[in-house]
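Accompanying notes for the structure given below.
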Amino acid sequence: MLFGHDDKIKIFKNLVKEGSLAQSYLFFGESHIGKYLFAKMFANYLERGKFEDLDLPLTEALIISPNEGSIKIKEVRRAKYFLSQKPVNSPKRILIIDDANNMTSQAQDAILKITEEPPPNALILIITSGLDTISDTLKSRLQKIYFARLKNIDIKKMLIEKYNIEAKKADLLTQESLGKPGLAVMAINQEQFRTGRSLAHQIQKKAINKRKIIEEVLEDPLLIDPFITTLLADLSKDPLKNIAILSSIMDRVVKISDFTTNKRLQLEAALWNI
Numbered sequence: 001m002l003f004g005h006d007d008k009i010k011i012f013k014n015l016v017k018e019g020s021l022a023q024s025y026l027f028f029g030e031s032h033i034g035k036y037l038f039a040k041m042f043a044n045y046l047e048r049g050k051f052e053d054l055d056l057p058l059t060e061a062l063i064i065s066p067n068e069g070s071i072k073i074k075e076v077r078r079a080k081y082f083l084s085q086k087p088v089n090s091p092k093r094i095l096i097i098d099d100a101n102n103m104t105s106q107a108q109d110a111i112l113k114i115t116e117e118p119p120p121n122a123l124i125l126i127i128t129s130g131l132d133t134i135s136d137t138l139k140s141r142l143q144k145i146y147f148a149r150l151k152n153i154d155i156k157k158m159l160i161e162k163y164n165i166e167a168k169k170a171d172l173l174t175q176e177s178l179g180k181p182g183l184a185v186m187a188i189n190q191e192q193f194r195t196g197r198s199l200a201h202q203i204q205k206k207a208i209n210k211r212k213i214i215e216e217v218l219e220d221p222l223l224i225d226p227f228i229t230t231l232l233a234d235l236s237k238d239p240l241k242n243i244a245i246l247s248s249i250m251d252r253v254v255k256i257s258d259f260t261t262n263k264r265l266q267l268e269a270a271l272w273n274i
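When we follow UniProt numbering, the leftmost residue of the sequence shown carries the number 1, and every step to the right adds one.
Structural data, given as structure tokens:
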């Protein structure tokens with residue numbers, strides 16, 4: 001079950017019913033909001049009639065995500081062949097590109113050509129947390145769907161109903177997730193979240209080696225998001241005092257999402273004056 005996106009589920013079900021789906025969509029919004037899960041569930045809906053994340057292979061969907069830090073043109077060429085084939089179990093052959101902000105310029109150009117002359121049964125779902133990293137020309141070919149942060153009530157409901165978290169703990173996890181259900185789940189299941197959160201608390205202390213903490217965060221990319229999110233949550237408790245550093249961090253977060261950016265320099269620049 002997908003929590004907090006009921007409006008989009010209803011819209012896409014109606015588009016299928018009316019036969020008015022576009023051929024290419026751009027799902028954009030912050031990370032850990034549910035864009036990728038929505039895309040997978042929609043592919044399952046087209047294939048099996050259920051808007052759920054079933055533990056079954058999708059025979060009519062190809063999912064591409066970054067390999068060694070980027071999505072290269074060879075992956076798009078593979079996708080082009082996949083989309084050219086006629087679907088059997090679904091009305092569409094579906095291409096899902098996750099973390100598309102990591103596409104190389106050559107890969108973006110190749111996707112653009114596919115969107116200009118798409119196979120008749122193709123459906124392309126491009127997912128990004130960095131809208132500015134997608135070329136304007138490619139964006140113009142895609143129907144844009146914005147995914148906002150979830151309401152606290154939806155995240156709390158998810159934690160209680162899906163993960164059997166008791167209400168008091170669900171309240172705490174909801175508060176710390178800042179509207180991102182994926183982070184709430186990470187807090188339950190992943191050691192990286194606890195480590196990232198701990199490092200975020202540590203770096204705010206005066207007598208601390210900030211460079212060492214930044215290096216530790218960068219050693220494990222899975223620490224970056226919980227580290228920054230926890231830091232923002234802490235600093236947001238006194239927004240007037242911390243407005244400058246909050247603005248700096250948010251600006252650097254956008255730059256960090258671009259795979260061509262030196263993440264170490266961005267983090268150091270954002271955090272040095274905490």
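Glycine included, every Cβ here is placed at the ideal spot set by N, Cα and C.
* **Secondary structure, beta strand (DSSP E): runs of 3+ residues fully inside the segment 96–133** => If we require 3 residues or more, the beta strand (DSSP E) runs fully inside the segment 96–133 come out as 122–128.
* Asked: For Ile11, is the classification buried or exposed, using 16 other Cβ atoms within 10 angstroms of its Cβ as the cut-off for buried?
  -> exposed
* Asked: What's the gap between the Cα of Lys206 and the Cα of Ile126?
  -> 42 Å
* Specify, as a first and last residue, the run of the alpha helix (DSSP H) that Ala61 falls within. => First-last for Ala61: 61–64, but that is the beta strand (DSSP E), not the alpha helix (DSSP H).
* Minimum length 3: unbroken beta strand (DSSP E) runs contained in the segment 47–88 -> 61–64
* **Of the listed residues Ser105, Pro87, Leu271, nearest to Ile208 (C-alpha basis)** => Leu271
* Which residue or residues does DSSP assign as beta-bridge partners of Arg93? -> In the DSSP output, where bridge partners are listed per residue, Arg93 has Ala122.
* **Same chain only: Cβ atoms within 8 Å of Pro118, ignoring 5 sequence neighbours per side** => Gln23, Ser24, Leu83, Ile124
* Classify Lys151 as helix, strand or coil using the three-state DSSP reduction. => coil
* **Pro226 classed as buried or exposed, judged by whether at least 16 other C-beta atoms fall within 10 angstroms** => buried
* To do: Go to Ser20, then tell me how far its alpha helix (DSSP H) extends in each direction, as first and last residue.
  => Counting along the chain, Ser20 falls outside any alpha helix (DSSP H), and DSSP gives it neither H nor E.
* Determine the extent of the alpha helix (DSSP H) in which Lys168 is found, giving its start and end residues. => 167–177
* **Residues that DSSP places opposite Phe28 in a beta bridge** => Thr128, Tyr146
* Quick one: is Asp238 buried, meaning 16 or more other Cβ sit within 10 Å of its Cβ, or exposed? -> exposed
* Taking only beta-carbon atoms, is Met1 less than 7 Å away from chain B? -> Looking at the structure shown, chain B is missing, and only one protein chain is on hand.
* C-alpha gap between Glu68 and Lys35, whole angstroms -> If I take the Cα positions, the gap works out to 22 Å.
* Asked: Are there 16 or more other CB atoms within 10 angstroms of the CB of Thr59, so buried, or fewer, so exposed?
  -> Exposed, by the Cβ-count rule.
* Asked: Taking Leu265 as the reference, which of Leu37, Glu18, Gly196, Arg211 has the closest Cα?
  -> Arg211
* **Beta-carbon proximity check, Ile145 vs Phe27, cutoff 7 Å** => yes
* Asked: Which one of Leu246, Gly4, Gln108, Leu150 has the shortest CA to CA distance from Leu131?
  -> Gln108
* **Supposed close pair Ser236, Leu246 - CB separation, criterion 8 Å** => 7 Å
* Asked: Taking DSSP as the reference, what is the three-state secondary structure of Lys180?
  -> coil
* Is the distance from the Cβ of Ser90 to the Cβ of Glu47 below 7 Å? -> yes
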